[in-house]
Structure formats: C-alpha cells, structure tokens
Amino acid sequence: MERRLSRRMFSNLLVGGGLLIWLGTILQAIFRYVIPPASGQVGSLSVLAAKTTELPPNSGKIVRYGSSPAIIVRPPGGEVRAFLAICTHLACTVQYRDDLAHIWCACHNGHFDLFGRNVSGPPPRPLEELQVVTRGNEFFISKRA
Amino acid sequence: MKTQNSKVWQWFEERLRISEIVRFLSHKTVPRHRYTAWYYFGGVVLFLFGVQVFTGILLLMYYTPTPEAAYESVRFLVGEVPFGWLIRNTHSWAANLFVLACFCHMFSAYFMRAYRKPREITWLTGFLLLGLALGFGFSGYLLPWNELAFFATRVGTSIVSTVPLLGGYIGETLKGGEMVTGLTLSRFFGIHVALLPLIAVLVLLLHLALIQRQGMSEPISQQHHSSQEEAIPFFPHFFLREAMVWLGIMAVLLALSILSPWELGTKADPFASAPAGIKPEWYFTYMSQALKYLPGRILLWEGETVGIVGFMLGGLYLLLVPLLDRGAARGKPNPIFTIIGVCIILFMVVMIILAYTVG
Ligand code: FES
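Shown next, in the form of structure tokens:
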C-alpha cells in the first residue's frame, strides 16, 4: 500500500513538475516577447537639430532625437542648450515659452529653467540635458558622454 | 399549450429540452421592494455592452490601426461614410454611459450589501467587469490618434509606470517600449477589440450564471417586507419593463449622438509639444485631479506613487468588502460601510467637478 502511494506521489510530482516547467518556459518567453528590443541607435546618435537662422534668440524648437522628442533652446542672451523634451513628471512633451523665457510643460503646469532644472510645478527631476555642438551654421545634438 | 405540441417545438424539445428553460424562466422572479428600481442597472449595463459590440464591429469596417492612417480613417468614417458619424458618436457616448451605468450598478449593489454571503463571487466578477470597462475606455481613447488622446495616453501610461514593483514592466508592455508610438496603437487596438472583449464575455457569462443560480439579492432592510408572492415574475413582467428602460436609453443615446457629436480634434504629432488642457476621460479625472493636489514628494516617495498606491488600496477595499463586512451576512449591516461608500462617491464627484471647472 505504502509503495503504491509513493509511486503515485512520484508520478504526480513528475507530471506536476513537468507541467510547471513547461508553463514557466512559455510564460517567460511571452513576458520577454511583449517588450520590443531597443532600436539601439540612440547611443551615439548625433542629430542635426536646427540651423542658426531657424533659432533666433528667445526661441526653442522641438526636434526628433531617435524615437524621442528633444528641445533645443536659445535664450535671449545665453548659449544654446538642448534637452530631451520629455517632462520628468508624466512624460508630456515640454515647450519653450518666449513670454517667460524658459521651458514649460502644459500638462500640469511644470516649469524648467534654461538649464533644464525643475523650478516649479510637479516635475520631480531636471530634464535630461543633451550636448549641443555648433558646426558652421548648424546645431547638432547628441547624448552627453 | 398549443405551440408546445407543434412539430417545430417537438423537434427542438427532443434535442434541447427547452421546456426546462421555459419552466426556469417562468419561476424566476425579481424581489419587489422600495429599491427595486436599482435592479434595472444591471440590465442597462448589459444593453450598453451589446451596443458597444454592435457599433464596435461596424467601426472596424473602416478603422485602420496605424499612426499614419488611424486619424484619417476616423475622419473619413465621420465625414464621408453614410451614417459613419452616427456610429462613432453612438460608440463614444455609449462608452461613457456604459461606465456610468457600471458605477451605478456597483454602488447600488454596494449599498444594498448584495456582496454579502453567498454572493461574494458575483461581487468579485462584477468588480473585474468594472476594471475591464475602464480598460476598454483607456484603450479605446487612443485609437483615433488625436493630440489630446495621444498625450493623455502618455500621461496615463506614465502613471501606470509609477506603480511600485511591476508598474514599470506593465507600463512598457502597454506602450511597447518607452514611448507612445505606433506599437502602442497596435497594442491598444488588439487589447480593445480582441483581448478585453474575450475576457469580458467570459466574466460576464460567469456573472450572469451566478445571478441565475443564486437569484437576486435583497437588501437586508427589505428582507422581511418582500415575500415570494409579491415578487415580480421575471418573464414577461420584469423583462418588459427592462425593455422599456432600454428603449429610453436608446433614445437618450441617439439624442446625445445627434445633438452633441464627439470631437475628433487634431491629429497627434509625437514630435510636437503637449497642448494645454490635456484631460483623460471623465471616469479617470477623479484620479488625475487628485494626483494634481499631491506634492512632488511625500516623505520618501514621489507624490504620484503615493497617490497611485492610495487608489490601489481603495480598489482593494472594494474588492475585499465582502470579507470585511462580515456582519452583513448575519443580517446586521454596519453603518460604517455605508459611510465609507458615501465618502468614496463624494470624493469622486467632487474631483470630477473640480477637473471640469478649476481644471
Ligand atoms: S507631465 Fe509635465 S508637468 Fe505633468
């Protein structure tokens, strides 16, 4: 009697364990499947953001940086800077407000200064800064090293 | 009965034993008491779900789920296809009435303590259905690919990502990456027209089967007042009244669709700045509005995270209320649960009003 029971237990374990492993394998494949692979290009991407004529003092422009929007700004008297335009609050795309001369997010009224620092409203962190390189009369942006 | 002897009847009877179903239907009753009217809401939800399936299938005939063509396909549907505007408006309005009816149905069941033993599982399936209804709303909102919906989805999925532990993974799974892109649109489309309908139909069938099995719940206060003789026979009495309600809803729905068409707005541009006035659908505004009043950081956590965990705890409370409110099953309703319910409704209503007035 005892032997038969343990045999049954053994076979149950075998079948149950096998089933679990089988399920686990499939599930982990699905879990990985649903996240697409990174496009991989952004790392050293350098993008032409604007011509100098397109960016007069006290203006900003949203440009495409890989799959993300970036913002390049030229303050009234300062140097040109660029940031990822994704608000650190809940990921809206920010914009340059020439009346305030700084960066603003319309979604929940978040303000960033010209260094990308969150100065008021809900954003918890500064914007991620990009590097701006001027070549001739063109501005290129890339990730900071 | 004469019809029961007809050949056709006999043919089906021999195979399917319909007389049993007829007998069951003729015995089914609906309790009669002062809160009977609230029972209609379940049927209203069911009716609106049917409207959504029907109009949804019609919309599918023209809709194209890609960022390049989605907006244009909806504009074509609304502008050129005969009665396309009517189908889309009806789908949008019915979606809103559907969520509203779900809330009414849930809160009426809540206040009547319909969740008490032995109907805990019915309550659970109902809770799931409400979650699915919100999922339908969230996924459907993005499909026209207009600016407001695009950024509302960016904000909404970011909120999902702030959920501790699994939030990041779920957020990325929903979006199909870090940003809202064409992949997000494909996913939301699949979720909206295949995944959610499948799950919803299964859970709905279970919900309805449980109600047939257990009969309708009566509020504790009315149990002594209503007797089996007074109960309303479901068929045809209650059914016909419900049908009248459906007709009324249908009229309201058509009037809304004709008099107040749904805006399409401007096409989403993923590389444009977010416009002011981003708002989710009203049934999410009580959350988004409340989040606005939280400071950026609360102790160690970001304000959003605290808010979201708060809402999850609220949801968990509703889910578990059959287990928390033990007294109700013994016929002793605890007023505390009524007070909590009223507070939840007040909170939601105040936040929604604030979202649409203060902004
Ligand atoms: S998303 Fe920018 S302030 Fe909320």
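Residue numbers (numbering that gives the first Met the number 0), protein chains in the order written: chain A, 0 to 144; chain B, 0 to 358.
Every residue gets a Cβ at the ideal spot worked out from N, C-alpha and C, and that includes glycine.
(Q) Spatial neighbours of R124 (chain A) within its chain, please: C-beta separation below 8 Å, excluding the five flanking residues on both sides. (A) Residue 124 (chain A) sits at position 125 when you count from the first residue of the first sequence. Answer for R124 (chain A): T87 and N117, listed in chain order.
Q | Own chain, CB closer than 8 Å to K50 (chain A), minus 5 neighbours either side, in chain order | A | For the purposes of this step, residue 50 (chain A) is taken as the residue at position 51 of the first sequence. Around K50 (chain A): N136, E137 and F138.
Q) Any chance the CB of P121 (chain A) is under 6 Å from a heavy atom of the ligand FES? A) In the first sequence, counting from the first residue as 1, residue 121 (chain A) sits at position 122. At least one heavy atom of the ligand FES is nearer than 6 Å to the Cβ of P121 (chain A), so yes.
**Q.** Proximity winner among B:P64, B:S72, B:T89 and B:A193, relative to L252 (chain B) (alpha-carbon distances)
**A.** Numbered from its first residue, the second sequence carries residue 252 (chain B) at position 253. Closest by alpha carbon: B:T89.
Q: For the beta strand (DSSP E) holding Q227 (chain B), just list the boundary residues, first then last.
A: Taking the first residue of the second sequence as position 1, residue 227 (chain B) is located at position 228. Per DSSP, Q227 (chain B) belongs to no beta strand (DSSP E) and is neither H nor E.
Q.
Classify E79 (chain B): buried if its beta carbon has 16 or more other beta carbons within 10 angstroms, exposed otherwise.
A. Residue mapping note: residue 79 (chain B) aligns to position 80 of the second sequence, counting from 1. The C-beta of E79 (chain B) has fewer than 16 other C-beta atoms within 10 Å across all chains shown, which makes the residue exposed.
Q. With a CB to CB cut of under 8 Å and the five nearest residues on each side skipped, what residues in its chain are close to T337 (chain B)?
A. Looking up residue 337 (chain B) in the second sequence gives position 338. Answer for T337 (chain B): F110, listed in chain order.
Q: Flag this pair as touching only if the segment 117-137 of chain B and the segment 198-209 of chain B have three or more C-beta atom pairs under 8 Å; answer yes or no.
A: Touching, yes, given that three or more Cβ pairs across the two stretches are closer than 8 Å.
**Q.** Sub-7 Å separation of H359 (chain B) and S138 (chain B) beta-carbons
**A.** This structure does not reach residue 359 (chain B), given that chain B is present from 0 up to 358, and the question cannot be answered.
Q) What does V33 (chain A) touch in chain B if you count any residue whose Cβ is under 7 Å from its own? A) Your numbering for residue 33 (chain A) matches position 34 in the first sequence. Listed along chain B, the residues sitting closer than 7 Å to V33 (chain A) by beta-carbon distance are T172.
(Q) Quick test of your reading: L319 (chain B) and V73 (chain B), contact by CB under 8 Å. State the CB separation rounded to the nearest angstrom. (A) Here residue 319 (chain B) corresponds to residue number 320 of the second sequence, with the count starting at 1. Here residue 73 (chain B) corresponds to residue number 74 of the second sequence, with the count starting at 1. Rounded, the Cβ-Cβ distance is 40 Å, inconsistent with contact.
Q) Using the C-alpha atoms, what's the distance from H26 (chain B) back to Q393 (chain B)? A) The question about residue 393 (chain B) has no answer here: the residues shown for chain B are numbered 0 through 358.
Q) Using 8 Å as the Cβ pair cut-off and three pairs as the minimum, do the segment 160-167 of chain B and the segment 232-243 of chain B touch? A) Cβ pair count under 8 Å is below three, so no.
Q.
Any beta carbon from chain A within less than 7 Å of G295 (chain B)'s own beta carbon?
A. Start at 1 with the first residue of the second sequence, and residue 295 (chain B) comes out as number 296. It does; some Cβ of chain A falls within 7 Å.
Q: Within the same chain, show all residues whose beta-carbon is closer than 6 Å to that of R115 (chain B), passing over the 5 residues directly before and after it, in chain order.
A: Taking the first residue of the second sequence as 1, we reach residue 115 (chain B) at position 116. Contacts found: A327 and A328.
Q: Mind checking which residues open and close the alpha helix (DSSP H) that includes V132 (chain A)?
A: As a first step, residue 132 (chain A) must be located in the first sequence, where it is residue number 133. Run containing V132 (chain A): none in the alpha helix (DSSP H); it sits in the beta strand (DSSP E), E128 to R134.
**Q.** Cut-off 7 Å between Cβ atoms - residues of its own chain near Y95 (chain A), not counting five sequence neighbours on either side
**A.** The count along the first sequence starts at 1 and reaches residue 95 (chain A) at position 96. Closer than 7 Å at Cβ, skipping near neighbours: S58, G59, I70, V72 and I102.
Q: Please determine, among B:Y282, B:T65, B:L255 and B:I17, the residue with the shortest C-alpha to C-alpha distance to A354 (chain B).
A: Within the second sequence, the letter at position 355 stands for residue 354 (chain B). That would be B:Y282, whose Cα lies nearest to the Cα of A354 (chain B).
Q.
Taking 7 Å as the limit between beta carbons, can you name the residues of its chain near M0 (chain B), skipping five residues before and five after?
A. Within the second sequence, numbered from 1, the residue matching residue 0 (chain B) stands at position 1. Note that M0 (chain B) scores a pLDDT of 49, beneath 50, so its modelled location is shaky; the value from the coordinates is reported in the next line. Once the five neighbours on either side are set aside, M0 (chain B) has no close Cβ partner at all.
Q: May I ask you to list, following chain order, the residues of the segment 103-128 of chain A that have a beta carbon less than 8 Å from some beta carbon of chain B?
A: If the cut-off is 8 Å between Cβ atoms, the segment 103-128 of chain A has C104, A105, C106, H107, P121, P122 and P123 near chain B.
Q) Relative to the ligand FES, is the shortest distance from any of its heavy atoms to the C-beta of C101 (chain B) smaller than 6 Å? A) As a position in the second sequence, residue 101 (chain B) is number 102, starting the count at 1. Because no heavy atom of the ligand FES lies under 6 Å away, the Cβ of C101 (chain B) does not count as near it: no.
Q) Less than 6 Å between the CB of G59 (chain A) and some heavy atom of the ligand FES, yes or no? A) Within the first sequence, residue 59 (chain A) is the residue found at index 60, counting from 1. Exclusion of G59 (chain A) from the 6 Å shell around the ligand FES follows from its C-beta lying no nearer than that to any non-hydrogen atom of the ligand.
Q) Does T92 (chain A) come within less than 7 Å of chain B when only Cβ atoms are used? A) Taking the first residue of the first sequence as 1, we reach residue 92 (chain A) at position 93. Residue-level contact by beta carbon holds for T92 (chain A) and chain B, with a gap shorter than 7 Å.
Q | Same chain only: Cβ atoms within 6 Å of D324 (chain B), ignoring 5 sequence neighbours per side | A | As a working mapping, residue 324 (chain B) is identified with position 325 in the second sequence. Excluding residues within five positions, the ones whose Cβ falls inside 6 Å are F336.
Q: Name, please, each residue of chain A whose Cβ falls closer than 8 Å to the Cβ of P274 (chain B).
A: Walking along the second sequence from the start, residue 274 (chain B) turns up at place 275. Per Cβ cutoff of 8 Å: A105.
Q. Quick one: what does DSSP say G17 (chain A) is sitting in, helix, strand or coil?
A. Position 18 of the first sequence, counted from the first residue, corresponds to residue 17 (chain A). It is helical.
Q: Please decide whether R63 (chain A) counts as near chain B, where near means a Cβ-Cβ distance under 7 Å.
A: Residue numbering aside, residue 63 (chain A) sits at position 64 when the first sequence is read from its first letter. Closer than 7 Å to some Cβ of chain B, the Cβ of R63 (chain A) qualifies, so yes.
Q. Roughly how many angstroms separate the alpha carbons of N145 (chain B) and Q51 (chain B), rounded to a whole number?
A. Here residue 145 (chain B) corresponds to residue number 146 of the second sequence, with the count starting at 1. Here residue 51 (chain B) corresponds to residue number 52 of the second sequence, with the count starting at 1. Annotation: N145 (chain B) to Q51 (chain B) spans about 21 Å, alpha carbon to alpha carbon.
Q: Pick helix, strand or coil for M0 (chain B), following the three-state DSSP scheme.
A: Counted from its first residue, the second sequence places residue 0 (chain B) at position 1. Confidence at M0 (chain B) is low in this model, with a pLDDT of 49, below 50, so the placement of that residue should be treated as unreliable; the coordinate-derived value is given next. Under the three-state reduction of DSSP output, M0 (chain B) falls in the coil class, being neither helix nor strand.
Q | Proximal residues to L59 (chain B) (C-beta, below 7 Å), its chain only, five neighbours per side dropped | A | The count along the second sequence starts at 1 and reaches residue 59 (chain B) at position 60. For L59 (chain B), where only same-chain residues beyond five positions count, the Cβ hits under 7 Å are V192.
Q | Proximity test, L147 (chain B) beta-carbon vs the ligand FES heavy atom, cut-off 6 Å | A | Residue 147 (chain B) sits at position 148 when you count from the first residue of the second sequence. Result no, Cβ not under 6 Å from the ligand FES.
Q: Kindly list the residues whose CB is nearer than 7 Å to the CB of G306 (chain B), restricted to its own chain and excluding five residues on each side of it in sequence; keep chain order.
A: For this step, residue 306 (chain B) is matched to residue 307 along the second sequence. Taking C-beta separations shorter than 7 Å and ignoring five residues to either side along the sequence, the partners of G306 (chain B) in its chain run A289, L290 and L293, following chain order.
Q: Examine the ligand FAD and report whether any of its heavy atoms sits within less than 6 Å of the Cβ of C342 (chain B).
A: Annotation note on the ligand FAD: not contained in the displayed structure, which lists the ligand FES as its ligands.
Q | Cβ neighbours of P92 (chain A) in the same chain (closer than 6 Å, five flanking residues each side left out) | A | By one-based count along the first sequence, residue 92 (chain A) stands at place 93. In the sequence under discussion, the amino acid at residue 92 (chain A) is Thr, which differs from the Pro named in the question. These residues qualify, in order along the chain: P68 and A84.
Q. Are the Cβ atoms of I61 (chain A) and S272 (chain B) separated by less than 7 Å?
A. What you label residue 61 (chain A) is simply residue 62 of the first sequence in a count that begins at 1. What you label residue 272 (chain B) is simply residue 273 of the second sequence in a count that begins at 1. Taking 7 Å as the Cβ cut-off, I61 (chain A) and S272 (chain B) qualify as a contacting pair.
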